[in-house]
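S.K.:
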Amino acid sequence: MSSKATARPPSVLLLATVFLVIWLIMAAFPFLWTLWGSLKVEGDFFSKADWMNSLRGTLTIVETGGSFTGDGYYGAWVQEEFWRAALNTIIVCIFVVTISLTCGTLGGYALARSGFRYAFWFLFFALIFRAMPPITLVSGYLLPFFEWNLWGHLSTTIIVLVAINQPFTLWMLHSFFKNIPQDLDESAMVDGCTRFQAFRHVIIPVMWPGVITTGLFSFLLAYNDFAVSAMLLSKENQTMVPKLASFLGTTQTKGNVMFAVAAVVSVTAPLFVMIVFFQRQIVSGLTAGAVKG
Amino acid sequence: MKHSAFFWFVLPSAVLMLLFIALPIVSVVTQSMYAAHEQVVVTVESCGPFGCTESTAVDQEATQALQDEEPLGRFVGSEIYTDRNHLAVGEIGTAWVNADGLPDFGRALMNLPFYNALAFTLAYTFIVTPLTIIAGFLIAIAVNSVAKALKGPTIFFSLLPMIVTPLVGALILFWMVDARGVLGTALQWLADDPSLSVKADTTLMWIMLMVYGVWSSAPFAFVVFYAGLQTVNQDTMEAAVIDGASRVERIRYVVIPHLMPLTTFVALIQLMDNFRVFEPIVSFQAQAHAFSLSYAIFNDLQGETRLLSSAAATSVLTIIGVAILLSPVLVRTYRDFSPRT
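As structure tokens, then:
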């Protein structure tokens, strides 16, 4: 490792370190700033007079007595019933991930094992579908959903999100299954298993790393979606992200901007926890498609 | 794998995609050729002591009946595509004749909603994509040359802007550059102009949206390039050193060619994702300054009167745009897979 090619003079090292520190500040500072600010009153979060106010919390002390306040969180979660949206998000995410993975593993496995030409065309169309912005499909959903009274329900949105998610899930699982040696399930079939039994007893036990990674990305899609859920859910069934967007429209009066700030922090927190636990899987998922070309 | 086994295995996925992606495309195309019914107008003659007056009123019942009978609306063919809000064929013709040189024609074009949205979407796509690649590459090179201790935290914090919900990430930045936020104040101080506001200026708004774009997708490019850097051939590297290549030359002639296939991959993914730019415009409340194709569709669909047909026509035009943009990827995939299948 200590060959001349990898040795670096101090000047290069310094330059690289400085550059990285700047990038790290750019990446992390906005989140820390918003987390800190969410515990203040609006006058401090947006302070016209002196930006140091947001650090010292001058107005927060004047208005509430302490240097930190949970008013924003109280207002968002209790007063504006953000907990209801959080509950809806949990339901949507659990179902989207489970259904996506169930259909995706079956489909991805078949696509990885079939050598026929139609498997290629299947993936080809999935790629086209993956490229389409989801919002372009929404105007196609609305009229039928209104006519058949399907609009506004959580279950409709779940199915739509699963379908939009399917092309990506198929591609990802397809490449994971390609890496599992074909001899494994073929030897099981020589021993008398049917194709499905081979899948159940031989492939399922070894597929979990790939499935977990794909599941993380399905979760992100369902959790982060705004375009589809904002258009397809009725007001009482809203998930967190559309609810947050509706805060922006209705609560621009004084003080209530802090509800939105608190909601933003609440939406970010689970994602932060997810990176803590699954950093390795996320990175492997991002590079899976790329490194193999 | 046998045909029947394949069929049963892919059936759930195939049905889902057929019902909720393929059919809606058909439905969007159909919808874009129908316009909402015109209201049924009846003329009522009301006679009073000072003579009779004729007045017109909307016959709500008849309108509703028409609506129920044909929920799609009335067939208008390509009329919606050529109206002012979409391709605006007539307006362009007039502008071309009346325009005083090309710049003037350009200004007239930018006043038409569809071309305005198309211009922003294309500008965003083709400015953000290369910048993302450059930023990601620089971060990857930097991480690769510093001590191991910094690598873990860098990857951890770099993932944040990418993973976080786009709407939320954009909001966080937007609040900071607000005239009363910390970055907004810093900008005012730097420019020495206390009235400077990103919200009020079109150019600043475009720059801010693009900064958000690079900020949120550079981590993806970084992670991919960083993985690629681990597989650079060390023998080639040493040979380059022996041949007297400088640090820059080594990056130019060894590292970059090695990463080229990854760059195409990142570029294609980024082109697809940037073309659908939407959430930052909602978060930045930038609709007065920047309008993207996705936002135009969203704008038509929201509110009390959902302009389904107009949204559908924009959707179809967007899908065509994606298809043009994507054709290189499709050709590449076709070539990659064809010999093996």
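For the record, the sequence lines run as chains A and B.
Read left to right, the first sequence gives residues 820 to 1112 (the working numbering).
Read left to right, the second sequence gives residues 604 to 944 (the working numbering).
The C-beta atom is built at its ideal place from N, Cα and C for all residues, glycine as well.
May I ask you to report which of helix, strand or coil DSSP gives residue 899/A?
M.R.: The residue given as residue 899/A occupies position 80 in the first sequence. Three-state result, residue 899/A: coil.
S.K.: Cβ of residue 630/B within 7 Å of any heavy atom in the ligand FMN?
M.R.: What this structure holds is no ligand at all, so the ligand FMN is not there to describe.
S.K.: Do we get a CB-CB distance below 8 Å when we pair residue 775/A with the residues of chain B?
M.R.: Summary: the structure shown does not reach residue 775/A, with chain A confined to residues 820 through 1112, and so no result is reported for it.
S.K.: Quick check: what's the CA-CA separation for residue 971/A versus residue 1051/A?
M.R.: As a working mapping, residue 971/A is identified with position 152 in the first sequence. As a working mapping, residue 1051/A is identified with position 232 in the first sequence. In a straight line, the C-alpha of residue 971/A is about 5 Å away from that of residue 1051/A.
S.K.: Please report the Cβ distance between residue 988/A and residue 1033/A, rounded to the nearest whole angstrom; I am assuming they are in contact, meaning their Cβ atoms lie under 8 Å.
M.R.: By 1-based counting over the first sequence, the position of residue 988/A is 169. By 1-based counting over the first sequence, the position of residue 1033/A is 214. The Cβ separation is near 6 Å, so the contact holds.
S.K.: By the three-class DSSP mapping on this structure, what secondary structure does residue 917/A have?
M.R.: Indexing the first sequence from 1 puts residue 917/A at position 98. Here residue 917/A sits in helix by DSSP.
S.K.: Considering Cα atoms alone, identify which of 653/B, 609/B and 688/B is closest to residue 902/B.
M.R.: As a position in the second sequence, residue 902/B is number 299, starting the count at 1. Cα-wise, what sits closest to residue 902/B is 688/B.
S.K.: Which residues in the same chain as residue 805/B place their Cβ atom closer than 6 Å to its Cβ, once the five residues preceding and following it in sequence are excluded?
M.R.: Taking the second sequence and counting its residues from 1, the one referred to as residue 805/B is at position 202. The residues are 892.
S.K.: Give every residue of the same chain whose Cβ lies closer than 8 Å to the Cβ of residue 753/B, excluding the five residues on either side of it in the sequence, and list them in chain order.
M.R.: To locate residue 753/B, count along the second sequence from 1; it is residue 150. The beta carbon of residue 753/B lies closer than 8 Å to those of 746 in the same chain, with the five residues before and after it left out.
S.K.: Tell me which residue opens and which closes the alpha helix (DSSP H) that residue 853/A is part of.
M.R.: Taking the first sequence and counting its residues from 1, one reaches residue 853/A at position 34. 829-856 is the extent of the alpha helix (DSSP H) around residue 853/A.
S.K.: State buried or exposed for residue 1045/A, treating a residue as buried only when at least 16 other CB atoms are found within 10 Å of its CB.
M.R.: Residue numbering aside, residue 1045/A sits at position 226 when the first sequence is read from its first letter. Classification of residue 1045/A: buried, given that the 10 Å Cβ count is 16 or more.
S.K.: If you count every other CB in all the chains shown that lies within 10 Å of the CB of residue 985/A, and 16 or more means buried, which is it?
M.R.: As a position in the first sequence, residue 985/A is number 166, starting the count at 1. Buried, because 16 or more other Cβ atoms sit within 10 Å of the Cβ of residue 985/A.
S.K.: Buried or exposed: where does residue 922/A fall if 16 or more other Cβ atoms within 10 Å of its Cβ makes it buried?
M.R.: One-based indexing of the first sequence puts residue 922/A at position 103. Classification of residue 922/A: buried, given that the 10 Å Cβ count is 16 or more.
S.K.: Any beta carbon from chain B within less than 8 Å of residue 893/A's own beta carbon?
M.R.: Position 74 of the first sequence, counting from 1, holds the residue named residue 893/A. No, no contact with chain B.
S.K.: Is there contact between the segment 785-795 of chain B and the segment 831-844 of chain B, where contact requires at least three CB pairs shorter than 8 Å?
M.R.: In this structure the segment 785-795 of chain B does not touch the segment 831-844 of chain B; the number of beta carbon pairs closer than 8 Å is below three.
S.K.: Can you tell me whether residue 922/A is helix, strand or coil according to DSSP?
M.R.: Residue mapping note: residue 922/A aligns to position 103 of the first sequence, counting from 1. Looking at residue 922/A - three-state DSSP - the assignment turns out to be helix.
S.K.: Within 10 angstroms of its Cβ, does residue 896/A collect 16 or more other Cβ (buried), or is it exposed?
M.R.: Taking the first residue of the first sequence as 1, we reach residue 896/A at position 77. Buried, because 16 or more other Cβ atoms sit within 10 Å of the Cβ of residue 896/A.
S.K.: Any idea what DSSP makes of residue 971/A, helix, strand or coil?
M.R.: By one-based count along the first sequence, residue 971/A stands at place 152. Note: residue 971/A maps to strand in three-state DSSP.
S.K.: Would residue 851/B and residue 738/B qualify as a contact pair, given that the criterion is a beta-carbon distance under 8 Å?
M.R.: The residue labelled residue 851/B in the question sits at position 248 within the second sequence. The residue labelled residue 738/B in the question sits at position 135 within the second sequence. Cβ distance not < 8 Å, so residue 851/B and residue 738/B don't count as in contact.
S.K.: Tell me the DSSP secondary structure of residue 767/B in three-state form.
M.R.: Working through the second sequence from its first residue, we reach residue 767/B at position 164. Looking at residue 767/B - three-state DSSP - the assignment turns out to be coil, as it is neither helix nor strand.
S.K.: Starting from residue 696/B, trace the alpha helix (DSSP H) both ways and give me its first and last residue.
M.R.: For this step, residue 696/B is matched to residue 93 along the second sequence. 692-701 is the extent of the alpha helix (DSSP H) around residue 696/B.
S.K.: Using a cut-off of 7 Å between C-beta atoms, extract the partners of residue 985/A located in chain B.
M.R.: Here residue 985/A corresponds to residue number 166 of the first sequence, with the count starting at 1. Residues of chain B whose Cβ lies closer than 7 Å to the Cβ of residue 985/A are, in chain order, 616, 619 and 620.
S.K.: Closer than 6 Å by C-beta to residue 757/B: which residues in its own chain qualify, once you throw out the five before and the five after it? Chain order, please.
M.R.: Your numbering for residue 757/B matches position 154 in the second sequence. Excluding sequence neighbours, residue 757/B sits near 746.
S.K.: Excluding five sequence neighbours on each side, which residues of the same chain lie with their C-beta closer than 6 Å to the C-beta of residue 927/A?
M.R.: As a working note, residue 927/A is residue 108 in the first sequence. Same-chain partners within the cutoff: 989, 992, 993 and 996.
S.K.: Ends of the alpha helix (DSSP H) at residue 1047/A?
M.R.: For the purposes of this step, residue 1047/A is taken as residue 228 along the first sequence, with counting starting at 1. First-last of the alpha helix (DSSP H) with residue 1047/A: 1046-1051.
S.K.: For residue 1001/A, which residues in chain B fall below 8 Å Cβ to Cβ?
M.R.: Mapped onto the first sequence, residue 1001/A falls at position 182. Under the 8 Å cutoff, chain B gives no residues; its nearest Cβ is about 10 Å from residue 1001/A.
S.K.: Starting from the beta carbon of residue 882/B, find every residue of chain A whose beta carbon is closer than 7 Å, and list them in chain order.
M.R.: Taking the first residue of the second sequence as 1, we reach residue 882/B at position 279. By Cβ distance, chain A contributes 1045.
S.K.: Let me check one thing: in DSSP terms, what residues is residue 651/B bridge-paired to?
M.R.: Here residue 651/B is taken as the residue at index 48 of the second sequence, counted from 1. BP columns for residue 651/B point to 654/B.
S.K.: Which residues in chain B sit within 7 Å of residue 963/A, going by Cβ to Cβ distance?
M.R.: For this step, residue 963/A is matched to residue 144 along the first sequence. Neighbours of residue 963/A on chain B, chain order: 630.
S.K.: Is the shortest distance between the beta-carbon of residue 1031/A and the beta-carbons of chain B less than 8 Å?
M.R.: One-based indexing of the first sequence puts residue 1031/A at position 212. No, because no Cβ of chain B sits closer than 8 Å to the Cβ of residue 1031/A.
S.K.: Taking 8 Å as the threshold (C-beta atoms), are residue 915/B and residue 1006/A in contact?
M.R.: Looking up residue 1006/A in the first sequence gives position 187. Looking up residue 915/B in the second sequence gives position 312. No, they are not a contact pair.
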